[in-house]
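Enquirer:
Residue numbers (my numbering): 2 to 335.
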């Protein structure tokens, strides 16, 4: 290793795994685009998660996130030089350090992933709590987890199939708003689709939403069920409503796949740091309670305007309409 690399100091407590990062020449991590070169040690001294008690590797590190990047405790993206199994998780180069700055329990995302696993989504992200040090400075407890990407043991779709993120930030290179409901749609994979693929996606969302709000919307042949994997939409609904997630209305951190000869699927879930009663702006913008009662995802219909802020960038809800179909309601109850 480069002489700038430092091993984990022996005096550091390792009750849970420790991630110890040293950047070259002590460089600060200030960008979400440019990687800083460095070295990482991941120690599971007590063997809680893997037989490999110490992983050491050159790597690159950069910032990540939207709102979360503005907080004092920063989230990071790690890219190892070679694919490695990390704490027993799948072999890959790409890893994420979630800061969970807004969640002082540091538990909400991990709890949500356990619910996801029980609901049997096509993929559930593995998350492990770790202590993080960067250039000898303690950063706090993070979750180290898999990156949201098309890869083996992650989003397992073909290279020419599609992964969308519904997110009002619309920060991917190619994005659009669905024609009927004005839902913000980002291309996560491929990142730079052709004009033909982009048109196909826009048409698919348009046809789905047109069917959803048509008079025949409950028809299995003509309605919404022609376009979406209903069971996956129900799983998504259950976890979002159970956790009372502010983002659980298809406006943020919602991921769908469109595979050949398959309907559009809610493939996995992500981002629950403001769920489970942890959002402090429900009442300010939504006139809603942040407690454990009532419905949020089901009852969201259209944009809110409050305090001079227009929330039309969230788009018009899907679940409000889905719950007008008795067959959908029956499946949710079942």
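Beta carbons are placed, not taken as given, at the ideal position from N, Cα and C, and that holds for glycine. Since we're looking at a predicted model, the values are computed, not measured.
#1: Using 9 Å as the threshold, is the C-beta distance between residue 255 and residue 323 below it?
#2: In the DSSP assignment, what residue or residues form a beta bridge with residue 139?
#3: Quick check for students: name the residue ranges of the alpha helix (DSSP H) that lie wholly in the stretch 92-169, counting only runs of 4 or more.
#4: Using only CA atoms, which one of 258, 234 and 99 lies nearest to residue 155?
#5: By alpha-carbon positions, which one of 179, 236 and 209 ends up nearest to residue 252?
#6: Just how far apart, CA to CA, sit residue 331 and residue 235?
#7: Under the DSSP definition of a beta bridge, which residues are partnered with residue 297?
#8: If you follow the beta strand (DSSP E) that residue 209 is in, where does it begin and where does it stop?
#9: Per DSSP, what kind of secondary structure is residue 185 in: helix, strand or coil?
#10: I need the DSSP call for residue 235, collapsed to helix, strand or coil.
#11: Does the distance from the C-beta atom of residue 111 to that of residue 153 stay below 9 Å?
#12: I'd like to know if the stretch 53-63 and the stretch 23-32 are in contact, where contact means that at least 3 CB-CB pairs between them fall below 8 Å.
#13: Going by Cα to Cα distance, which pick from 225, 249 and 108 is closest to residue 207?
#14: Quick check: the stretch 41-58 against the stretch 13-21, are there 3 or more CB pairs under 8 Å?
#15: Can you tell me where the beta strand (DSSP E) with residue 56 in it begins and where it stops?
#16: When DSSP labels each residue in this structure, what does residue 27 get in the three-state scheme?
#17: Go to residue 323, then tell me how far its alpha helix (DSSP H) extends in each direction, as first and last residue.
#18: Look at residue 91 and residue 127 and say whether their C-beta atoms are less than 9 Å apart.
#19: Among the residues of its own chain, which have a CB less than 6 Å from the CB of residue 163, if the five just before and after it don't count?
#20: Spatial neighbours of residue 171 within its chain, please: C-beta separation below 7 Å, excluding the five flanking residues on both sides.
#21: Could you compute how far the alpha carbon of residue 93 sits from the alpha carbon of residue 9?
#22: What is the rounded straight-line gap between the Cα of residue 321 and the Cα of residue 269?
#23: With burial defined as no fewer than 16 other Cβ atoms inside 10 Å of the residue's Cβ, what is the status of residue 11: buried or exposed?
#24: Tell me whether the beta-carbon of residue 58 lies closer than 9 Å to the beta-carbon of residue 25.
#25: Give me the residue from 142, 319, 198 and 189 with the minimum Cα distance to residue 174.
#26: Sorted by chain position, which residues of the same chain lie with C-beta nearer than 6 Å to residue 311's C-beta, five sequence neighbours on each side aside?
#27: Compute the distance between the beta-carbons of residue 1 and residue 68, then report whether it is under 9 Å.
#28: With C-beta atoms as the reference, is residue 103 less than 9 Å away from residue 274?
#29: I need the boundaries of the alpha helix (DSSP H) containing residue 329, first residue and last residue.
#30: If I measure Cβ to Cβ from residue 118 and keep anything under 6 Å in the same chain, skipping five residues before and after, which residues do I get?
#31: Using the beta-carbon count (16 or more within 10 Å), is residue 138 buried or exposed?
#32: Can you name, in chain order, every residue of its own chain whose Cβ lies under 6 Å from the Cβ of residue 277, other than the five neighbours on each side?
#33: What would DSSP say about residue 241, mapped onto helix, strand or coil?
#34: Tell me the DSSP secondary structure of residue 36 in three-state form.
#35: For residue 305 and residue 23, I'd like the C-alpha separation in whole angstroms.
Expert: Put simply:
#1: no
#2: 134
#3: 109-120
#4: 258
#5: 179
#6: 11 Å
#7: For residue 297, which the question treats as bridged, DSSP gives no partner whatsoever.
#8: Element bounds for residue 209: not the beta strand (DSSP E) but the alpha helix (DSSP H), 196-213.
#9: strand
#10: Under the three-state reduction of DSSP output, residue 235 falls in the helix class.
#11: Going by C-beta atoms, residue 111 is not nearer than 9 Å to residue 153.
#12: yes
#13: 225
#14: yes
#15: From DSSP, the beta strand (DSSP E) with residue 56 extends over 55-64.
#16: For residue 27, the three-state secondary structure derived from DSSP is helix.
#17: 320-323
#18: yes
#19: Excluding its 5 nearest sequence neighbours in each direction, residue 163 has C-beta neighbours in its own chain below 6 Å: 259, listed in chain order.
#20: 185 and 187
#21: 23 Å
#22: 21 Å
#23: exposed
#24: no
#25: 189
#26: Residue placement at residue 311 is poorly supported in this model, since its pLDDT is 45, which falls under 50; the coordinates still yield a value, given next. Hits under 6 Å: none found.
#27: A query on residue 1 cannot be resolved here, the shown segment of the chain reaching from 2 to 335 and no further.
#28: yes
#29: 327-334
#30: Here the set comprises 125.
#31: exposed
#32: 109 and 244
#33: helix
#34: coil
#35: In this prediction, residue 305 has a pLDDT of 47, which is less than 50 and means its spatial position is unreliable; what the coordinates show is noted afterwards. C-alpha separation (whole angstroms): 45 Å.
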